[in-house]
Amino acid sequence: MRISVVDVGSNTVRLVVADAEGGVPLPVHTAKWRLRLSEQVAPGCPVPEEAVDRLVAAVAEADRTATEWGSAPPLAFATAVVRSAPNCREVLRAVRTRTGVELCTLPGELDAELTFLGARRWMGWRSGPLALLDIGGGSLEVAFGRGRLPDFVASLPLGAGRLTHEFFRGQDPPSPEMLRALRRRVRHQLRDVAARIRWEGPHTAVATSRTFQQLGRLCGARPGRHGPFVERELRRSDLRAAITRLATVPTAERALLPGISAPRAAQSLAGALVGHTALKLTGIKAVSICPWAIREGVLLRHIEDGPSWWAGISRRGEENGGQELVPLRIAAARN
Numbered sequence: 001m002r003i004s005v006v007d008v009g010s011n012t013v014r015l016v017v018a019d020a021e022g023g024v025p026l027p028v029h030t031a032k033w034r035l036r037l038s039e040q041v042a043p044g045c046p047v048p049e050e051a052v053d054r055l056v057a058a059v060a061e062a063d064r065t066a067t068e069w070g071s072a073p074p075l076a077f078a079t080a081v082v083r084s085a086p087n088c089r090e091v092l093r094a095v096r097t098r099t100g101v102e103l104c105t106l107p108g109e110l111d112a113e114l115t116f117l118g119a120r121r122w123m124g125w126r127s128g129p130l131a132l133l134d135i136g137g138g139s140l141e142v143a144f145g146r147g148r149l150p151d152f153v154a155s156l157p158l159g160a161g162r163l164t165h166e167f168f169r170g171q172d173p174p175s176p177e178m179l180r181a182l183r184r185r186v187r188h189q190l191r192d193v194a195a196r197i198r199w200e201g202p203h204t205a206v207a208t209s210r211t212f213q214q215l216g217r218l219c220g221a222r223p224g225r226h227g228p229f230v231e232r233e234l235r236r237s238d239l240r241a242a243i244t245r246l247a248t249v250p251t252a253e254r255a256l257l258p259g260i261s262a263p264r265a266a267q268s269l270a271g272a273l274v275g276h277t278a279l280k281l282t283g284i285k286a287v288s289i290c291p292w293a294i295r296e297g298v299l300l301r302h303i304e305d306g307p308s309w310w311a312g313i314s315r316r317g318e319e320n321g322g323q324e325l326v327p328l329r330i331a332a333a334r335n
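In case it helps, this note's numbering puts the sequence shown at residues 1 to 335.
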C-alpha cells in the first residue's frame, strides 16, 4: 500500500509519499514548495488572496506528484498559520473546490499527539517516559507520555514566526529589551506546562521540527547529509551560547551560519529563545533531535487505525476550521 501526506506549514508545503508495508511508513519520495505564509500573515489576520492562490497551486502540484508516485489521495492538513486565520474556512474551501484535495486543519492538541506518536515510534520503547517539544511557525507543542500516545499535550501560541512578527518587527537585530520581553511572554505561557514536565521527570526528551533541527546543526550536530540514523543532540548550554551569536547579527548574516537557512533566518532567534526557555523551565539539559514528527505520526495513525480515523479527523477539521489558539490548553490523549 502506498500512501502520502501533505503538510501545509508556516513556511512550506511538504509532501511525503511512503510505502506502508509491515506497519512502517518507508518514504519513497518527498517534495516541498516554499510559501512563507508566516511572513505574509500577521497573527489574527486573514490569509491574503494572493497567498491563497499560491497555496492552492502548491497543494494541486503535491496532489499530482502523489498520484504520479502511485499513492492514494493524500492525507492533507494545515497547521497553525492557516488554522488561526479568520478566513480559515474560506482557505480550506478554496483548496477543496479548486484541487479536489480535502485539506483540513488539526487542533493544536492533536498536532502534539501525532508528533508524539512519530517520536515514540522513532525513539522506541527504551526511551521510557518521553517528553516532546516541537516549535512551529505559529505554535509550540509540548507532550509527555509513557505509552504509544501521550498522557497530556499542550499547544501554545509561541511559534517562532508568530513571535518574530510580534516582537522583532522594525529592528534587526532586535534590542535587548525586545529579547527580554519575548522571554517574559514565553515564561508566562509555559509556566504550568513546565511544572508538569518537571513533576513527571521524563527519562528521555526529544525535539522535532525544522527549527530544532537547524538549531541543533548550529550547535554542532552533524548535517542532514549524514542521514537520519545519526544521533543528534542539542544541549541547553550550547543553545544559550547560540542565542548570543544570533542576537548580535542581522538576519542576512544569520543565514550564513551553519544550519540556518535563508528562509528561516529571521525567525531563528525567536525559535532559539523559545527552545532555551522551554528547556530551562522544564529542567531538561539536552534533547535528542528526532527526524520523525507530525507527518510520520499521521501516516502511522492511518496505518494502525485505518482510513476511518482520518475521515473523522478531516470532517472535524473542516467543522472547526478557524478556531484561534488559546494561551494554554492541556488535554488528555484520545486513545
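Just so you know, even glycine gets a beta-carbon here, dropped at the ideal spot from N, CA and C.
Since the model is a prediction, treat every value here as computed from it, not as a measurement.
Residues bridged to residue i [DSSP beta-bridge criterion]
| i | result |
| --- | --- |
| L26 | D19 |
| S4 | V17 |
| W33 | V13 |
| L269 | In DSSP, L269 forms no bridge with anything. |
| V206 | L132, S288 |
| C104 | F77 |
Of the residues the options, the one placed nearest residue i, counting alpha carbons only
| i | options | result |
| --- | --- | --- |
| P150 | A57, G161, D238, L110 | L110 |
| R162 | P307, G138, L179, A154 | G138 |
| A85 | S308, S10, T277 | S10 |
| V6 | G312, E296, P157, D134 | E296 |
| D346 | S38, H276, T65 | Since the first and last residues shown for the chain are 1 and 335, residue 346 lies out of range. |
| L258 | L215, L299, G227 | What sits at residue 258 in the sequence shown is Pro, not Leu. Cα-wise, what sits closest to P258 is L215. |
| A286 | A131, A62, C104 | A131 |
| G283 | V298, R315, G271, P202 | P202 |
| T65 | E39, A78, T30, R184 | T30 |
| S155 | Q40, A80, W292, V298 | A80 |
| N87 | A119, W69, H165, A42 | A42 |
| V298 | A78, P174, G70 | A78 |
| T248 | S38, R301, D172, R98 | D172 |
| V8 | E21, K32, E166 | K32 |
| S38 | M1, T67, V82, A20 | V82 |
| G271 | P228, L182, L281 | L182 |
| W69 | L103, D19, T99 | D19 |
| G336 | R184, C104, G227 | Absent from the structure is residue 336, since the part of the chain shown begins at 1 and ends at 335. |
Limits of the unbroken alpha helix (DSSP H) element including residue i
| i | result |
| --- | --- |
| V298 | 294 to 305 |
| F77 | Run containing F77: none in the alpha helix (DSSP H); it sits in the beta strand (DSSP E), 75 to 78. |
| L337 | What is shown of the chain runs 1 to 335, which leaves residue 337 out entirely. |
| T65 | 49 to 68 |
| V186 | 176 to 200 |
| C88 | 88 to 99 |
| A160 | 160 to 167 |
| R126 | That residue, R126, is in no alpha helix (DSSP H); it is neither H nor E in DSSP. |
| T251 | 251 to 254 |
Residue i: first and last residue of the uninterrupted beta strand (DSSP E) it sits in
| i | result |
| --- | --- |
| I289 | 286 to 289 |
| D134 | 130 to 135 |
| E233 | 233 to 235 |
Residue-level contact to chain D via CB, residue i, 7 Å cutoff
| i | result |
| --- | --- |
| E39 | Of the protein chains in this structure there is only one, and it is not chain D. |
Test item: CB-CB of residue i and residue j under 7 Å
| i | j | result |
| --- | --- | --- |
| A76 | F116 | no |
| V59 | V101 | yes |
| L26 | R54 | no |
| L239 | L269 | no |
| V386 | V13 | Outside the shown range of the chain (1 to 335) lies residue 386, about which nothing can therefore be said. |
| V95 | V56 | yes |
| S288 | V193 | no |
| L140 | L114 | no |
| C290 | T204 | no |
| L273 | A242 | no |
| A72 | I3 | yes |
| T164 | Q267 | yes |
| A62 | L15 | yes |
| A160 | T211 | yes |
| L179 | R236 | no |
| P176 | F168 | no |
- [ ] Determine contact between the stretch 146 to 160 and the stretch 222 to 241, defined as no fewer than three beta-carbon pairs at a distance below 8 Å.
- [x] no
Open item on the list: Quick check: the stretch 95 to 110 against the stretch 120 to 129, are at least 3 beta-carbon pairs closer than 8 Å?
Closed with: Short answer: they don't touch.
TODO: Taking 8 Å as the threshold, find out whether the stretch 251 to 264 comes into contact with the stretch 192 to 202 through three or more Cβ pairs.
DONE: no
Open item on the list: Check whether the stretch 236 to 255 and the stretch 306 to 316 touch, using three or more Cβ-Cβ pairs below 8 Å as the test.
Closed with: no
Open item on the list: Counting beta carbon pairs with one atom in the stretch 184 to 191 and one in the stretch 231 to 247, are three or more of them shorter than 8 Å?
Closed with: no
Open item on the list: Does the stretch 34 to 48 come into contact with the stretch 81 to 95, if we say contact requires no fewer than three beta-carbon pairs (one atom in each stretch) closer than 8 Å?
Closed with: Touching, yes, given that three or more Cβ pairs across the two stretches are closer than 8 Å.
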